[in-house]
Amino acid sequence: MTQKQGLISGTGQGTSPGTDVFRIVFEKIQTGILVIDPASHTIIDANPIAEFLTGRSRDELIGSTCHEFVCPAKCGQCPITDFHQDIHSLERAIINAKGERMPILKTVAKATINNKEYLIESFIDIIDRKKSEERKVALIAYLDESVQRVNKPLELMQQSMQQMADGVKSGDFNAEEIRMQLQLHANNLAQISQNLAELSRKAAAEHKEDIPQEYRDFIIGKGKNP
């Protein structure tokens with residue numbers, strides 16, 4: 109089967125030293141690159157990383173329209189040619205061969221090649237960074253829940269114990285009242301312990317990737333002692 113010749117990738121060796129270097133950089137750079145005709149939105153060329161990230165071969169990409177193929181934008185709604193937006197290191201999405209939207213960091217620049225203007229779309233995969241951000245949000249949510257379950261009872265205990273201390277000092281509390289207050293605090297501590305036990309069970313049962321293992325170990329009590 110004859111492979112499609114791209115604008116850059118199909119350039120034969122020996123045309124000129126500059127062209128050869130440009131082609132080598134295009135092929136070896138660890139950034140996905142698509143060369144697009146701005147008039148027809150046809151993909152003119154794609155480098156190996158673009159193939160890898162989209163899950164499509166160069167033959168599949170070249171000659172295809174980028175709308176709804178690798179770009180979520182619909183025809184007539186291109187942010188570059190229709191809305192004249194500048195795209196420089198912005199979070200966008202690309203559609204892979206499975207139809208999944210993958211988060212990318214995208215830059216689009218205009219370049220003139222052989223006296224014709226093209227769009228050079230470069231992008232890098234940021235799915236790991238997005239997962240890291242989701243893990244951070246999940247961790248903050250878990251920590252917030254932990255603090256809320258512990259903080260309020262402790263605040264009430266602190267206020268009550270201060271009142272009891274003031275009462276003992278002034279002679280307003282008798283032994284029975286002190287016993288009742290201490291019993292109340294014991295009950296509150298039991299509730300705090302129960303809340304932490306619930307969090308422990310929840311953390312132990314949670315195996316999603318967005319809940320850090322370190323936090324599960326901490327709340328369960330498996331963390332290393334200092």
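Taking the working numbering, I'd label the letters of the sequence shown as residues 109 to 334.
Backbone N, C-alpha and C fix where the C-beta goes; we use that ideal spot for every residue, glycine too.
Just so you know, these numbers come straight off a predicted model, no measurement behind them.
Where does E225 sit, in a helix, a strand or coil, going by DSSP? Reduced to three states, the DSSP call for E225 is strand.
With DSSP collapsed to three states, give me the class of V178. Of the three classes helix, strand and coil, the one that applies to V178 here is coil, per DSSP.
First and last residue of the alpha helix (DSSP H) that includes A273? 235-278 is the extent of the alpha helix (DSSP H) around A273.
So who's on the other strand from I202, going by DSSP bridges? In DSSP, I202 forms a bridge with M210.
How long is the line joining the alpha carbons of P261 and R237, rounded to whole angstroms? One C-alpha to the other measures close to 37 Å.
Let's see if you can read the secondary structure: which residues bound the beta strand (DSSP E) around I144? Run containing I144: 140-145, per the beta strand (DSSP E) assignment.
Less than 7 Å between the beta carbons of N155 and I141, yes or no? The answer is yes: Cβ separation under 7 Å.
Between which two residues does the beta strand (DSSP E) carrying D153 extend? Element bounds for D153: 150-154.
7 Å CB neighbourhood of D153 in its chain, flanking five on each side removed: Cβ neighbours of D153 beyond the five flanking positions: G114, L115, I116, S117, V143, I170.
Drop a sphere of 10 angstroms on the beta-carbon of E229, count the other beta-carbons inside from all chains shown, and report buried for 16 or more, exposed for fewer. Burial call: buried.
Inter-stretch contact at 8 Å, needing at least 3 Cβ pairs: the segment 174-192 / the segment 250-260: By the C-beta criterion, the segment 174-192 is judged not to be in contact with the segment 250-260, since fewer than 3 inter-stretch pairs fall below 8 Å.
Quick one: what's got a C-beta closer than 6 Å to F231's C-beta in the same chain, skipping five residues either side? Only G140, I212, K214 meet the Cβ criterion.
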